[in-house]
Amino acid sequence: MKVYTKTGDKGTTALFGGTRVPKDHARIESYGTVDELNSHIGLIRDQEMNSHYKEILIEIQDRLFTVGAILATPPEKEVMKNGELRLKKLGIIESDIELLENEIDTMEEALPPMTHFVLPGGHTTVSYCHIARCVCRRAERLAVHLSHNEPVAEIAIKYLNRLSDYLFVLARKLSHDLNAAEIQWIPRK
């Protein structure tokens, strides 16, 4: 199978199930941004850090492929012609969200309380986390936007919301682990 198919040369692409839509369709923007997020998380995972964080990031990347598949499947194509669910063996479940929440809680136990907003930076790895967090928020906004016009599994949006929280706390925890300066924003008086 060749990488190039030439089927998108006129600005359309296929969703799961074969429906063709313009490449700037909200569904494409949504799952394309999830794909971008997944790449940023891969960049974080490639940095020197505790192996536990790397394991969690691999799990997150796997879940993001699932979120992408959910977003790439229009509602009318969720059930195949044979009656089977197209994404039968895929899905985001509450335990995926609970994993993120448990990781957040564990990391926060080792961190001092926040008293101000945190400025992104202090270490390259921390900056990568903040970039991923911003891309995650954009993916969430696009999924919400899509949900105004077409059904989107609420749990996929919830997962993206919790993931952005996880990435923020991971940035703070890595700042702590790497002895990087965490600079808090202090408004002018």
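Numbering (this note's numbering), first residue to last: 1 to 189. The beta carbon of each residue, even a glycine, is placed where N, CA and C say it ideally should be.
What's the C-alpha gap between residue i and residue j?
| i | j | result |
| --- | --- | --- |
| Leu71 | Cys136 | 14 Å |
| Ala69 | Asp105 | 29 Å |
| Glu140 | Met1 | 33 Å |
| Thr179 | Pro112 | A quick correction: the sequence has Asn, not Thr, at residue 179. If I take the Cα positions, the gap works out to 13 Å. |
| Met49 | Leu174 | 8 Å |
| Thr7 | Thr13 | 7 Å |
| Ser127 | His25 | 30 Å |
| Val144 | Pro75 | 15 Å |
| Ser30 | Glu84 | 25 Å |
Please go through the same chain and pick out, in chain order, the residues whose beta-carbon is closer than 6 Å to the beta-carbon of residue i, but skip the five residues on each side of it.
| i | result |
| --- | --- |
| Trp185 | His116, Phe117 and Leu119 |
| Ile183 | Leu119 |
| Thr33 | Arg138, Ala139 and Leu142 |
For residue i, which beta-bridge partners are listed by DSSP?
| i | result |
| --- | --- |
| Ala14 | Arg20 |
| Gln184 | Val118 |
Short of 8 Å in beta carbon distance, which residues of its chain neighbour residue i, apart from the five on each side in sequence? Order them along the chain.
| i | result |
| --- | --- |
| Ile93 | Ile155 |
| Glu123 | The sequence shown places His at residue 123, not Glu. Excluding residues within five positions, the ones whose Cβ falls inside 8 Å are Leu174, Ser175, Leu178 and Ala180. |
| Lys23 | Gly8, Gly11, Thr12 and Thr13 |
Using a C-beta cutoff of 8 Å, does residue i count as contacting chain B?
| i | result |
| --- | --- |
| Arg45 | Judged by its chain identifiers, the structure shown contains no chain B, having just a single protein chain. |
Kindly list the residues whose CB is nearer than 7 Å to the CB of residue i, restricted to its own chain and excluding five residues on each side of it in sequence; keep chain order.
| i | result |
| --- | --- |
| Ile131 | His40 |
When the distance is taken between beta carbons, is residue j closer than 8 Å to residue i?
| i | j | result |
| --- | --- | --- |
| Glu108 | Val67 | no |
| Ile56 | Arg162 | no |
| Leu64 | Leu37 | yes |
Those runs of the beta strand (DSSP E) which lie wholly inside the segment 20 to 58 and span at least 3 residues: 20 to 22
Alpha helix (DSSP H) runs wholly inside the segment 80 to 125, at least 4 long, in chain order: 94 to 109
Inside the segment 140 to 170 only - beta strand (DSSP E) runs reaching at least 3 residues: none
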